[in-house]
Amino acid sequence: MKKSFYIFLLSLLMMPMISTAETTRLPSDTFFNYQLPGANWQASTEPPQLAIDAMYVDLVHGKEKKGEVYDPEKLRTMSVEFLKTNNLYIYNEDTEAYLMVSISPYNEKEGIPTKRQIKSSAKWALNAITEHAEVSDLSSYSSSVEDIDVEGMKYAAKIDANYPLFGDPHHFTGIIGYSHPYWVFLYYNDKLKREQDLVEMKRLLNSIEFSTK
Numbered sequence: 005m006k007k008s009f010y011i012f013l014l015s016l017l018m019m020p021m022i023s024t025a026e027t028t029r030l031p032s033d034t035f036f037n038y039q040l041p042g043a044n045w046q047a048s049t050e051p052p053q054l055a056i057d058a059m060y061v062d063l064v065h066g067k068e069k070k071g072e073v074y075d076p077e078k079l080r081t082m083s084v085e086f087l088k089t090n091n092l093y094i095y096n097e098d099t100e101a102y103l104m105v106s107i108s109p110y111n112e113k114e115g116i117p118t119k120r121q122i123k124s125s126a127k128w129a130l131n132a133i134t135e136h137a138e139v140s141d142l143s144s145y146s147s148s149v150e151d152i153d154v155e156g157m158k159y160a161a162k163i164d165a166n167y168p169l170f171g172d173p174h175h176f177t178g179i180i181g182y183s184h185p186y187w188v189f190l191y192y193n194d195k196l197k198r199e200q201d202l203v204e205m206k207r208l209l210n211s212i213e214f215s216t217k
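Next up, the structure:
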C-alpha cells in the first residue's frame with residue numbers, strides 16, 4: 005500500500021501542471037472564474053452524455069426499487085430536462101467524473117442565508133446522499149462537512165463523502181454557498197476510475213471565484 009502510494013505521489017510530481025484560466029458567464033450578471041487543471045477536462049453549458057447516462061441509471065434504479073413500470077425514453081427525456089437546469093458542467097469524458105455548477109436566486113421573503121443556514125443546508129444534502137445511496141454498511145462510508153472560504157461568496161460549506169453507489173466506489177464533493185443575490189451549488193461526482201481526477205478537481209475548486217457585475 006505504501007509503495008503504491010509513493011509511486012502515485014512520484015507520478016504527480018513528474019506530471020506537467022497544465023492549467024487554463026476560464027470564465028463562464030452564468031445567468032444574469034454573475035461570472036464564474038476557474039482554472040481547468042488539465043487538457044483532459046472540458047467545460048460546457050450543456051449536460052454531457054456521461055451526466056445524462058448517470059441520471060438515467062439513477063432514475064431507473066428508483067423506479068425498479070419501487071417496483072414501478074417505466075418508459076425508458078421518458079426517463080431519458082426527464083434526465084436531459086433536469087440536467088439542463090444546471091448552468092455549467094466541467095467533466096472528464098474518459099473517466100466520467102464531472103462537476104455541476106448551478107445558481108438559484110435567494111427568496112427575498114426568507115432573507116439572506118446565514119453562515120449557520122448554509123452549513124445546515126450542507127448537512128441536509130449529506131444526509132440525503134446517504135439515504136439515496138442506500139448506505140447500509142457504514143464501515144464503507146465516510147463523510148465530512150466544513151465551513152470554507154470561497155472568493156466571491158459570503159458564506160460557503162463543503163461536503164466530502166466516500167460511499168458505494170449501487171455497489172461501486174464513489175466520491176462526492178459538494179459546495180453550497182451564497183454569492184449575493186444567489187445560492188450557489190457545486191456538485192462533483194467521481195467513480196474513482198482515475199486517482200488523479202480527484203486531485204485535479206480539488207485544485208480546480210481551490211481556484212474558483214464568483215463575481216457579480
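Going by my numbering, the sequence shown opens with residue 5, and the numbers climb by one from there. All C-beta atoms in this analysis are idealised placements derived from N, C-alpha and C, irrespective of residue type, glycine included.
Query	Result
When DSSP builds the beta bridges, which residues end up paired with K162?	E150 and I179
Restricting to Cα atoms, I'd like to know which of D194, I56 and P185 is closest to F176.	D194
Which of helix, strand or coil does DSSP assign to I122?	helix
Closer than 8 Å by C-beta to P52: which residues in its own chain qualify, once you throw out the five before and the five after it? Chain order, please.	Q46, Y93, Y95, E97 and Y102
Out of E26, F35, T27 and T28, which one is the CA nearest neighbour of H184?	F35
Taking the CB atoms as reference points, tell me whether A161 and D153 lie closer together than 8 Å.	no
Rounded to a whole number of angstroms, what is the C-alpha to C-alpha distance between F86 and T99?	22 Å
Under a Cβ-count criterion, where at least 16 other Cβ atoms within 10 Å of its own Cβ denotes burial, should A43 be classed as buried or exposed?	exposed
Excluding five sequence neighbours on each side, which residues of the same chain lie with their C-beta closer than 6 Å to the C-beta of T216?	D33 and T34
Is H65 helix, strand or coil when you go by DSSP?	helix
Roughly how many angstroms lie between the CA atoms of G171 and K113, to the nearest whole one?	42 Å
Does the ligand ATP have a heavy atom nearer than 7 Å to the CB of Q39?	Inclusion of the ligand ATP in the displayed structure is not the case, the ligand content being empty and no account of it being possible.
Relative to the C-alpha of A126, which residue among A58, W187 and K206 is closest?	W187
For a test of the three-state rule: what should DSSP assign to D75, helix, strand or coil?	coil
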